[in-house]
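If you count by the numbering used here, then the sequence shown holds residues 1 to 196, one letter each, in order. Where a beta carbon is used, it is the ideal one built from N, C-alpha and C, also for glycine. Below: the structure, in structure tokens.
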Amino acid sequence: DLQGLLQKLGVRRFHLYGQSFGGILAYEYLKKIAETPKDGRDNDDDEGCLSVILSSSPWNVSQVQEEAGRLVEALESPELFRQTHQCQTPEMPLPLQKAYAKAGTVWRGADAIADYVAQAPTTTTSSSHYPRLPSCLVLRGEHDFVTPPCVQGWKHVFSTSRSVRFRTLEGCSHHGLLENPALYGDVVDSFLAEYD
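This is how it looks when you write it as structure tokens:
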């Protein structure tokens, strides 16, 4: 549990990053925190998540499955799909190979969360607490199978945040970090610097 780890380490202020389905996990953590009453304490600026980056993270899993299926059908082979929309490198990068080789069997792939649609935080009727999310940067690659409609729903979901911005990484696909680390790093560093 992320909250337990942060408490054990004594981390009071942090940035959160999630890639692909990791972005869904990051968002669900933030939603849980936003929906938790603060018992009269308003310390949003003193502790907690300063900002969040959702990188190639769909807000609606069935929608991204449909988009990926459409893109696969338009190409001649799964390998061409990989090179066009997943990771535009001649060979699958070693870190990605290792990650996929060690992926779990039960929770691997979109089928485990096929009906997931991100929902904005809600308030309880017995509380005047207004859920607030941190500023958000939604990244995706120009050729990503997580197409623009697959991320557009984050705008509504983050309507209670200070800001939500969208950035398309030119010439990249789903794994822009591995395709163009310099560009990716510059975009991430620039965003995080605004909230540090």
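- Nearest Cα to T122 within the set A114, I113, R132: R132.
- In this structure, T147 and E67 form a Cβ contact; the two beta carbons are roughly 5 angstroms apart against a cut-off of 8 angstroms.
- Counted as a single uninterrupted DSSP element, the beta strand (DSSP E) harbouring Q19 occupies residues 13-19.
- In the displayed model, S190 falls within a helix according to three-state DSSP.
- Between F145 and Q86, the C-beta gap is smaller than 8 angstroms, which places the two residues in contact.
- In this chain, S77 is not harboured by any beta strand (DSSP E), its DSSP state being neither H nor E.
- Per the C-alpha coordinates, the member of P149, Q152, A182 positioned closest to E170 is A182.
- Contact between the segment 58-67 and the segment 149-160 is present, with at least three C-beta pairs closer than 8 angstroms.
- D189 is not a Cβ neighbour of L50, given a cutoff of 8 angstroms.
- Scanning L75, L5, L16, S20 for the CA closest to the CA of I113 turns up S20.
- A Cβ-Cβ separation of about 12 angstroms leaves T84 out of contact with H175 under the 8 angstroms criterion.
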